[in-house]
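Visitor: Numbering of the first sequence is given in my numbering, commencing with residue 23 and proceeding in unit increments. Note that the Cβ used here is the ideal one computed from N, Cα and C, for glycine as well. Please find one structure pasted underneath; my questions will follow.
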Amino acid sequence: MMDIRPNQTIYINNLNEKVKKPELKESLYGLFSQFGPILDVVALKTPKMRGQAFIVFKEIGAATNALRSMQGFPFYDKQMRLQYGKSESDAVSKMKGTFRQEGGKRKDPSAPKKAKKAKTSATAAAATAKPSEDGDGADEAADLPPNQILFLTSLPEETNEMMLQMLFNQFPGFKEVRLIPGRHDIAFVEFDTDAQSAAARSALQGFKITPTHAMRISFAKK
DNA sequence: AGCACA
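Encoded structure:
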């Protein structure tokens, strides 16, 4: 059913309602940021809004791509259903400078909060101040010859098997993910062939599972 | 099933 006109926000439903909000948002962010920059992920657990989420992309093209690619994607044991959002997200209006509180139309629970918290540039600087391990030999593995097993590094602490499965699952030839007990930061992902592992590798190289952690993918040592 | 953002 071709219903709603393209929108840079994707509306998702049929999500697993048992997943807690922070985890849900993180996983959605990880899963969808492969299509392009994301402005916001909105998920509410209110009776009306549970099981649904909004992914706000910077570009409509990214949203369209996501819509086509992720329709029916198995996510926490349910198939996600995607549509374009019906209206413009606040994150978009804010970016365009057209954001209005629409006096009265929307619920105003209490005090009018006019000023949003300003991101201090100190915070922003701290966020980017993460040392990047360029040039200190940390990426010697880049030279390993292709094989069917990928080696993931720089994984954030909250990584779990399901998140990695969701990411790598979508590539042909996927076999399994192996986590290492006692190490949250590395994992192995196996494919049927080295061509298939190479394709997944280039697609997901630098993928941000969380906004601050870009994972690194190399081929495993044989 | 359910289209919000505090």
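In three-state terms, what does DSSP make of P134?
Guide: Interpretation of P134 is limited by its pLDDT of 44, a score under 50 that renders its predicted location unreliable; no figure is taken from the coordinates.
Visitor: For E180, which residues does DSSP report across the bridge?
Guide: Looking at the DSSP assignment, E180 forms no beta bridge with any residue, so it has no partner.
Visitor: Only counting the same chain, and skipping five residues up and downstream in sequence, which positions put a Cβ closer than 6 Å to that of R223?
Guide: Short of 6 Å from the beta carbon of R223, and not among the five residues preceding or following it, lie these beta carbons of its own chain, in chain order: L172 and I239.
Visitor: Taking contact to mean 3 or more Cβ pairs, one atom from each stretch, closer than 8 Å, check whether the region 74-81 and the region 26-44 are in contact.
Guide: With a cut-off of 8 Å on Cβ pairs, the region 74-81 is in contact with the region 26-44, counting three or more such pairs.
Visitor: Please name the residue or residues paired with T175 in a DSSP beta bridge.
Guide: R238
Visitor: Going by the beta-carbon positions, is the gap between G58 and I231 smaller than 7 Å?
Guide: no
Visitor: Which residue marks the beginning of the beta strand (DSSP E) containing D112, and which one marks its end?
Guide: D112 -> not in any beta strand (DSSP E); alpha helix (DSSP H) instead, spanning D112 to K118.
Visitor: Whose C-beta lies closer than 7 Å to the C-beta of M185 among residues of the same chain, with five residues either side of it excluded?
Guide: Here the set comprises S49, G52 and I231.
Visitor: May I ask you to verify whether the region 203-222 touches the region 174-183, counting CB pairs closer than 8 Å and requiring at least 3?
Guide: In short, these stretches touch, since the Cβ pair count reaches three.
Visitor: If the criterion is Cβ atoms closer than 7 Å, does the pair S219 and Q187 meet it?
Guide: no
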